[in-house]
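J.: Structure in structure tokens, see below.
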Amino acid sequence: MSNTITLDESITVARPLHEVFAYISEFSRIDEWDPGVARGHKLTDGAAGVGSEYRIDMKAGFSLHYTVIEFETDKRMLMDVGSSLFTAREEIRFSSTPSGTTVRYIAQFTFPRAIAAANRVFPGIMDRVGKSTMEGMKKALEDNFEPPAPSRKLALADRLVLPGIWRFTKLGYRSSRKRWKPVSAFLENRHAVITGATSGVGLAAAKELAGFGAHITLVARDRTKANAVCRELRAQTGNPHIRVELADMSLMADVHALAARLLAAGKPIDMLINNAGALFNPRQQTPEGFEKSFALLLLGPYILTERLRPLLAAAQSPRVVNVLSGGMYSQKIKVNDLQSARGTYSGSVAYARAKRGLMILTEEWAQNWSEDGIAVNAMHPGWADTPGVENSLPAFYCVTRPFLRSPQEGADTMVWLAASTEAGKVSGKFWLDREQHPSHIFRFTRETAEERNQLLHTLQELLVSTTPAKAKKRARRRA
Ligand SMILES: NC(=O)c1ccc[n+]([C@@H]2O[C@H](COP(=O)([O-])OP(=O)(O)OC[C@H]3O[C@@H](n4cnc5c(N)ncnc54)[C@H](OP(=O)(O)O)[C@@H]3O)[C@@H](O)[C@H]2O)c1
């Protein structure tokens, strides 16, 4: 009596072979296309290949351990599978067809006698499992999804404050995750520029995008730390196309110099992620005389993004992702006091106002840059367990720690906005866990059209006056 069951299923999709191979061979993404899988984890460092190992947690409550034993790029991969219930050998073969790519999945399972007998009593169970897996794979590769529309339920939860705040925790992440669609976009050769990529959610986003094969420019202020991160990311992902650009994003001279270097290099930018951030207490000024929250969280991203517009416009499906915070819901932009010079200073208020300003810019750029096909969106990472939160908000960190999400979970929406095909179809919105949220929940935070124009005017003036030639002249006049 045989204890083995063999499955042999195929699909054909209208995508080039190398794109299909890149997506499926990164096997940890199986949770996007196999409906029986809860989560895939890559256990080994480096690019997918012989020796790569994965732990696949099944929704049924057990795990599978995959080891790649044969790997031929764009052709096939053969894996040994171990678990407490069965062992298997699975082969995935890839071939080009006139209409795209055929994926053939051949698996031989060896079950204990009792399970094999059950399969004979209920024939077809394994066939159905195989078919639904391949259907999931086809759907993922077809990549034909629409961005989620705004939801009244979410907007109401935000307005009621506490239900909205609950969504910032890891529980909110887990609840939203169930509705997500696969991201099978092909990012090899796409260029991502990420500020604040040496720590927290920026680092997690850089790792994820590097895992997709994108070319990454890590913008960082500390050379030693940045080089260490760069080496680590290369080793973890096997992606050699990761490089460092140094800039203190609160110093406009650095921001202009960074923009000038990127423009001179001329490499189109597919993804610009304005993520660098910090919260400052007490009030601090940069050597250039700007209040630090304003400089780092608003003026820096404004100047960088404005100056990089030509490189964004030259990309295939360009995206700007601005990393904001739910804190902005509590503040209106103060156009006559952008640098928090009046009244009692609060770091949290200055931070929230700067984030509010970046939300306004998100909407403005979305509208004005649509002619260049640039999608500009903003996101909130939720409350993530990062060095930034631990250092700047120790009391908050202590109380909320059990509910904080991981940096990877906080970075997910950043990556989705930058990478997914459907996110390129929407612009000017605010997102948390791949879901649209209103940009205001209280009336008192809404700015008038006049205030908006004044903000844009002030920022533009500062862009001009801080460009190196003008800044030099100004310094000479002051001297
Ligand atoms: N974590 C959360 O719960 C949360 C919630 C809402 C919003 N956010 C936003 O998420 C973003 C990342 O925060 P995080 O929590 O991941 O914090 P983090 O762990 O402290 O990371 C902040 C990153 O920004 C960089 N950075 C800070 N000041 C900089 C400067 N002057 N020039 C260049 N880079 C600078 C840091 O570089 P160094 O490594 O050199 O310090 C680091 O790479 C921020 O914009 C923050 O406002 C986070």
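To convert a position in the sequence shown, counted from 1, into the working numbering, add 40.
In this text, a Cβ means the ideal position worked out from N, Cα and C, and glycines have one as well.
#1: Taking just the CA atoms, how far does M117 sit from I343?
#2: DSSP three-state label for D520, please.
#3: At a threshold of 7 Å, does W456 count as lining ligand 1 (C-beta to nearest heavy atom)?
#4: Here's the rule I'm using: 16 or more other beta-carbon atoms within 10 Å means buried, otherwise exposed. How should T264 be labelled?
#5: With DSSP as the reference, please indicate the residues paired to R283 in a beta bridge.
#6: Specify, as a first and last residue, the run of the alpha helix (DSSP H) that N493 falls within.
#7: With which residues is Y145 paired in a DSSP beta bridge?
#8: Relative to ligand 1, is the shortest distance from any of its heavy atoms to the C-beta of N321 smaller than 7 Å?
#9: According to the Cβ coordinates, are P308 and H231 closer than 8 Å?
#10: Count Cβ pairs between the region 43-53 and the region 126-141 that sit closer than 8 Å; are there 3 or more?
#11: Can you tell me whether R517 is buried or exposed? The criterion is at least 16 other CB atoms within 10 Å of its CB, across all chains shown.
#12: Only counting the same chain, and skipping five residues up and downstream in sequence, which positions put a Cβ closer than 8 Å to that of A245?
#13: Quick check: the region 436-448 against the region 379-387, are there 3 or more CB pairs under 8 Å?
#14: So, are the CB atoms of S216 and T426 less than 8 Å apart?
#15: Inspect the beta-carbon positions of L352 and V360 and report whether they are closer than 8 Å.
#16: Decide if the region 83-93 is in contact with the region 179-198; the criterion is three or more beta carbon pairs, one per stretch, under 8 Å apart.
#17: Using the three-state DSSP reduction, which class does T345 fall into: helix, strand or coil?
#18: What ranges does the alpha helix (DSSP H) occupy inside the region 212-259, keeping only unbroken runs of at least 4 residues that lie completely in it?
#19: With respect to the alpha helix (DSSP H) encompassing A459, which residues constitute its N-terminal and C-terminal limits?
#20: Looking at H255 and ligand 1, is the gap between the Cβ and the nearest heavy atom below 7 Å?
#21: May I ask whether a heavy atom of ligand 1 can be found less than 7 Å away from the beta carbon of T141?
#22: Considering F61, what are the terminal residues of the alpha helix (DSSP H) in which it resides?
#23: Give the secondary structure of E430 by DSSP, where H, G and I count as helix, E and B as strand, and everything else as coil.
#24: Does N376 pass the burial test, meaning 16 or more other C-beta atoms within 10 Å, or should it be called exposed?
#25: I need the boundaries of the beta strand (DSSP E) containing A418, first residue and last residue.
#26: With a CB to CB cut of under 6 Å and the five nearest residues on each side skipped, what residues in its chain are close to I414?
#27: Quick check on the DSSP output: the beta strand (DSSP E) that includes A100 runs from which residue to which?
#28: Confirm, please, whether the CB-CB distance from A78 to D48 is below 8 Å.
#29: Measuring only the C-alpha atoms, how far is T249 from A392?
#30: On a Cα-Cα basis, can you pick out the residue from K374, N229 and M177 that is closest to E487?
#31: Work out the CA separation of S124 and F102 for me, nearest whole Å.
#32: Please name the residue or residues paired with H81 in a DSSP beta bridge.
#33: What three-state label does DSSP hand T127 in the structure shown?
#34: In whole angstroms, what is the alpha-carbon distance linking E331 and R382?
#35: Which partner residues does F470 have in the DSSP bridge list?
T.: The relevant details are as follows:
#1: 47 Å
#2: Residue 520 lies beyond the stretch modelled for the chain, which goes from 41 to 519, so this question has no answer here.
#3: no
#4: exposed
#5: According to DSSP, which records beta bridges pairwise, R283 is partnered with T257.
#6: In the DSSP assignment, N493 falls within the unbroken alpha helix (DSSP H) covering A489 to T506.
#7: Partner(s): E49 and I132.
#8: no
#9: yes
#10: yes
#11: exposed
#12: I234, A237, I313, N315, A451, M454, V455 and A458
#13: no
#14: Contact flag unset, no.
#15: yes
#16: In short, these stretches do not touch, since the Cβ pair count stays below three.
#17: Helix.
#18: 240-251
#19: P447 to A459
#20: Because no heavy atom of ligand 1 lies under 7 Å away, the Cβ of H255 does not count as near it: no.
#21: no
#22: L57 to S65
#23: helix
#24: By the 10 Å Cβ count, N376 comes out exposed.
#25: A415 to M419
#26: L352 and P358
#27: Careful: A100 lies outside any beta strand (DSSP E) and carries neither H nor E.
#28: no
#29: One point to set straight first is that residue 249 is Leu, not Thr, in the sequence displayed. Looking at the two C-alpha atoms, the distance is approximately 28 Å.
#30: Taking the Cα of E487 as reference, the smallest distance to any Cα among K374, N229 and M177 is reached at K374.
#31: 8 Å
#32: R95
#33: strand
#34: Cα atoms of E331 and R382: separation of roughly 12 Å, rounded to the nearest angstrom.
#35: A418 and H477
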